[in-house]
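Counting from 10, one number per residue, gives the positions in the sequence shown under the numbering used here.
Everything below concerns the one structure shown next.
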Amino acid sequence: MAEMQFRLAADLSNFFNKQELFNQRISDILENDEKTDKKGLVYEVAEVSKRVDEIELKGKVTAGKIAVTVTILTFIGGMVLKAINIFD
10 MAEMQFRLAA
20 DLSNFFNKQE
30 LFNQRISDIL
40 ENDEKTDKKG
50 LVYEVAEVSK
60 RVDEIELKGK
70 VTAGKIAVTV
80 TILTFIGGMV
90 LKAINIFD
């Protein structure tokens, strides 16, 4: 019985050690490392998210500029056509 308890305690200890190593690896992947200046996954995702937001904003601004330009050109074209019709 004591031997079984000893084996179970050893297995549990090994499990905790392996879990600690696994947790450390996950932490190394997710978090920044100041010693090596390596950026973690959380930081990288935040940076990519900012860049995507900027690209989406630029796309919306470009679409707005195109819409305003088309409206102005349509207005000018309409005025030119009216001017041509007046002088006919």
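We put the CB at the ideal spot given by N, CA and C, even for glycine.
A quick note: this is a predicted structure, and the numbers were derived from the prediction, not measured.
| request: Measure the Cβ-Cβ separation of Glu40 and Val57 and say whether it is below 8 Å. | output: no
| task | Give me whichever residues DSSP pairs with Lys47 in a beta bridge. | result | Asp42
| said: Assuming contact is defined by CB atoms lying nearer than 8 Å, are Ile38 and Gly49 in contact in what I supplied? | reply: yes
| What is the rounded straight-line gap between the Cα of Ser36 and the Cα of Ala18? | 27 Å
| task | Consider the C-beta atom of Glu53 and the heavy atoms of the ligand ATP; say whether any pair is separated by less than 7 Å. | result | What this structure holds is no ligand at all, so the ligand ATP is not there to describe.
| request: Go ahead and pull the three-state DSSP assignment for Met10. | output: coil
| How many Å lie between Gly73 and Leu66 at the Cα? | 11 Å
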